[in-house]
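Residues are numbered in this note's numbering as their position in the sequence shown, beginning at 1, plus a constant of 79. Single-structure report; data block below.
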Amino acid sequence: MKPSVAVALAAVLLAAQHASLAEAAYPGPRVIIVGAGMSGISAGKRLWDAGIRNLLILEATDRVGGRMHKHNFGGINVEIGANWVEGVGGDKVNPIWPWVNSTLKLRNFRSDFDSVVGNVYKENGGLYDEDYVQQRMDLAYEVGEKGANLTEMMDPSGKDDISIMAMQRLFNHEPNGPTTPLDMVLDYFIYDYEFAEPPRVTSLQNTQPTATNTDFGEDNNFVADQRGFESIIHYVGSNYLRTDNNGNIADRRVLLNKVVRQITYNDRGVVVKTEDGSSYRADYVMVSTSLGVLQSDLIEFKPQLPFWKTVAIYRFDMGVYTKIFLKFPKRFWPVGEGKQFFVYASTRRGYYGMWQSFEREYPGANVLLVTVTDDESRRIERQSDNQTMAEAVAVLRNMFPDVDVPDATDIYVPRWWSNRFFKGAYSNWPVGVNRYEYDQLRAPVGRVYFTGEHTSEHYNGYVHGAYLAGIDSADIMINKVFKNQDFKVRGKYDAQVAEAK
């Protein structure tokens, strides 16, 4: 027998052994979960708690965590994906916050975004007057508040929705939105830095006000722990999956490096095929890949997903949010109270604008983080890291012309958009869609179910949204399995409830 044939046969036998062991240990409906990120692990726990315990999780990468991912850079673990617990300090408790702050006690720091107004640098160096920046910021927030008030007057169905930029035109009388370097970077800070896309495409009604801040509070806490933010996923999974001595998921029901390429489904069950030639049969499948993956051709559905489902998938946006890490031989930027964030006001909107110092989180690390999004992210992903390093250092030298700014010694550029297993950072709610399309996005197709932060009705794009979406999608499956209740899609422009067809 050829070695390649032997290896393939061993893989098939191993997969069959996993399946038979699981079936023997956990009788009942068999469910395959595609993806071991927050939503997939959360959905698995919910199914487990409901008595659906014959589970198999297939993960395309070599790790559990999805878009929550620590990376060792310059001797410290930094978060290249999700980093903040957004929504802290309100009357309701963000479900992620107790795990971070109490259960796991992950090191975290409140982000002082209010101090940004005192740290806005002109394109050719020097700070803008703080009082003047505050005036421009207050004006931008005043316009935003008017937009939030307008939202309350709109039909709940979303049929009156407009873009954030349309709102800015309405209340600030700027046909193209903010145009000066200062106003553009403040606009970027308020909107793009949050939603990963510019105001011209982002829905007003579904982002102003942001449900996360309204429900959970205005504070944002930055997680900076060597165990990684992803440790909360391992904690959720530890409730039904085996873990190692470090608390990391190490269960034979979680198969890594299993790239799902095809899902065949009918009224009797599903067959999931992976890139290595393995096949797995189940009664149901829960697809927890990113929206970007669903919009790509990575996974083939047989038969093709119905038109209403496909259109819903393509109507939403997958934003690109890139955190670029730079290490220097020495610190040359200001530090101390109110100096955590600093901003570069370029004539080119979104060009290396949002900077963050790690001096408080990692003293002496001499690491800076600069964030870019959208078109700048895609441009940077296509060029070399050396070119990106040169551009970023040139910006710093423009900001600090009277300071000796050395060359960076290292750089790390995550490439979420180029990675076929993600195709972006997180979803954004564009103008023109409403909760009808969201119902369609999370609605099952036969025995194929869907979850992910993009299916969260109120908190898409956030870690807590991913966690709650896993629960919601699992409940949809549980209702079908145990109560024979089909998921209902609400009518688009009225309160009637209509089944998706």
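Cβ coordinates follow ideal geometry from the N, Cα and C atoms, glycine included.
Rounded separation between histidine 252 and methionine 244 - CA only: 10 Å
Determine contact between the stretch 422 to 437 and the stretch 537 to 554, defined as no fewer than three beta-carbon pairs at a distance below 8 Å. no
Determine the DSSP secondary structure at tyrosine 359, reduced to helix, strand or coil. strand
If you pair each beta-carbon of the stretch 247 to 261 with each one of the stretch 371 to 383, do three or more pairs fall below 8 Å? Fewer than three beta-carbon pairs drawn from the stretch 247 to 261 and the stretch 371 to 383 are found closer than 8 Å, and the two stretches are therefore not classed as touching.
So, alanine 115 versus leucine 335, is the Cβ gap smaller than 9 Å? yes
Just how far apart, CA to CA, sit aspartate 271 and lysine 402? 13 Å
Just mark phenylalanine 386 as buried or exposed, buried being the case when its beta carbon has 16 or more other beta carbons within 10 Å. exposed
Rounded to the nearest angstrom, what separates lysine 580 and aspartate 453 at their Cα positions? For lysine 580, the predicted model reports a pLDDT of 39, less than 50, meaning its position is unreliable; a value from the coordinates is still stated below. Taking the straight line from one Cα to the other gives about 34 Å.
Which residue marks the beginning of the alpha helix (DSSP H) containing glutamine 305, and which one marks its end? Here glutamine 305 belongs to no alpha helix (DSSP H), and DSSP marks it neither H nor E.
Which stretch, first to last residue, makes up the alpha helix (DSSP H) that contains threonine 467? 464 to 478
Quick test of your reading: serine 506 and methionine 397, contact by CB under 8 Å. State the CB separation rounded to the nearest angstrom. 6 Å
Please classify phenylalanine 561: is it buried, with 16 or more other beta-carbons within 10 angstroms of its beta-carbon, or exposed? Phenylalanine 561 comes out exposed.
Hey, is the stretch 308 to 322 in contact with the stretch 335 to 354, meaning 3+ C-beta pairs nearer than 8 Å? no
As an exercise, report each continuous beta strand (DSSP E) stretch of at least 3 residues that is fully enclosed by the stretch 517 to 554, in chain order. 527 to 529
Along the chain, where does the alpha helix (DSSP H) that runs through lysine 502 open and close? Counting along the chain, lysine 502 falls outside any alpha helix (DSSP H), and DSSP gives it neither H nor E.
CB of glutamine 287 within 9 Å of CB of glycine 205, strictly: For glutamine 287 and glycine 205, no; Cβs fall outside 9 Å.
If you reduce the DSSP assignment to three classes, tell me which class asparagine 336 lands in. coil
Do you know whose CA, among Tyr546, Tyr393, Val510, lies nearest proline 278's CA? Nearest option by C-alpha distance: Val510.
Isoleucine 459 to alanine 329, Cα distance in whole Å? 35 Å
Excluding the five sequence neighbours on either side, which residues of its own chain have a C-beta within less than 6 Å of the C-beta of glycine 549, listed in chain order? The residues are Ser118, Ser121, Ala122, Thr530.
Could you give the DSSP three-state label for tyrosine 314: helix, strand or coil? helix
Could you spell out the range, first to last residue, of the alpha helix (DSSP H) harbouring isoleucine 155? Segment 155 to 158 is the beta strand (DSSP E) holding isoleucine 155; no alpha helix (DSSP H) there.
Please say whether asparagine 228 and phenylalanine 301 have beta carbons closer to each other than 9 Å? no
Given a cut-off of 9 Å, decide if histidine 543 and glutamate 158 are closer than it, judged by their beta-carbon atoms. no
Exposed or buried, what is proline 382 when buried is set at 16 or more other beta-carbons lying within 10 Å of its beta-carbon? exposed
Could you work out which residue in Leu520, Met233, Glu516 is closest to glycine 570 when comparing CA atoms only? Glu516
Among Val527, Gly432, Ile311, Asn203, which one has its Cα closest to the Cα of tyrosine 363? Val527
Among residues of its own chain, excluding the 5 on either side of glutamate 354, which ones have a beta-carbon nearer than 6 Å to its beta-carbon? Within its own chain, the residues whose Cβ lies closer than 6 Å to the Cβ of glutamate 354, once the five positions on either side in sequence are excluded, are Val338, Arg340, listed in chain order.
Taking the Cβ atom as the reference point for each residue, do valine 110 and alanine 361 lie within a distance shorter than 9 Å? Taking 9 Å as the cut-off, the beta carbon of valine 110 is found closer than this to the beta carbon of alanine 361.
Under a three-way DSSP split, which group does valine 143 fall into? DSSP places valine 143 in coil when its eight states are reduced to three.
I'd like to know whether the C-beta atoms of isoleucine 312 and methionine 147 end up nearer to each other than 9 Å. yes
Between which two residues does the beta strand (DSSP E) holding tryptophan 412 run? Segment: none, tryptophan 412 is in no beta strand (DSSP E) and carries neither H nor E.
Please go through the same chain and pick out, in chain order, the residues whose beta-carbon is closer than 8 Å to the beta-carbon of threonine 598, but skip the five residues on each side of it. Lying before the first or after the last residue shown, residue 598 is absent from the chain, which here runs from 80 to 580.
Sort out for me which residues DSSP pairs aspartate 489 with in a bridge. Lys406
Count the other CB atoms, across all protein chains shown, that sit within 10 Å of the CB of alanine 487; report buried if there are 16 or more and exposed otherwise. buried
Three-way DSSP call (helix, strand, coil) for tryptophan 496 in this model: In the three-state reduction of the DSSP assignment, tryptophan 496 falls in the coil class.
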